[in-house]
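This report concerns only the one structure given below.
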Amino acid sequence: MPMLMIKCKTCGEVFAGVYLPEESSSEAKQTLVQSSKSHTCSRGHENEYSESDFMDWS
Ligand SMILES: [Zn+2]
0 MPMLMIKCKT CGEVFAGVYL PEESSSEAKQ TLVQSSKSHT CSRGHENEYS
50 ESDFMDWS
């Protein structure tokens, strides 16, 4: 299953990202990405993400 990872833009901590269903369209991917737009890392840095920040590590 493809997984998209994101990094804290301040300290570089990598977050476990979102899993994409095997057959997901780019439309479904965008919806997932848009629902995960902000993350706070374990050090308390709050980050905003756009689609291009998600790395495909599959
Ligand atoms: Zn951080």
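With the first letter of the sequence shown counted as 1, position 50 gets the number 49 in numbering that gives the first Met the number 0; the numbers rise by one all the way through. For every residue, glycine included, the Cβ atom is placed at its ideal position computed from N, Cα and C.
Grab the span of the beta strand (DSSP E) containing residue i for me, first residue to last.
i: T39; result: S37 to T39
i: L19; result: From DSSP, L19 is part of no beta strand (DSSP E); its letter is neither H nor E.
Which first and last residues belong to the alpha helix (DSSP H) in which residue i is found?
i: L31; result: S25 to S34
Would residue i and residue j be called neighbours here (beta carbons separated by less than 9 angstroms)?
i: V32; j: F53; result: yes
In chain order, what residues of the same chain lie with their CB nearer than 7 angstroms to the CB of residue i, ignoring the 5 residues before and after it?
i: Y18; result: M0 and M2
i: Q29; result: E50
i: G16; result: M2, L3, M4, I5 and F53
i: W56; result: M2 and M4
So, for residue i: in the same chain, excluding its five sequence neighbours on each side, which residues have a beta-carbon less than 6 angstroms away from its beta-carbon?
i: T39; result: E45
i: K12; result: Per the sequence presented here, residue 12 reads as Glu, with Lys not at that position. C40, listed in sequence order.
Considering only residues of the same chain and omitting the five flanking positions on each side of residue i, which have a CB-CB separation below 8 angstroms?
i: K36; result: E47, Y48 and S49
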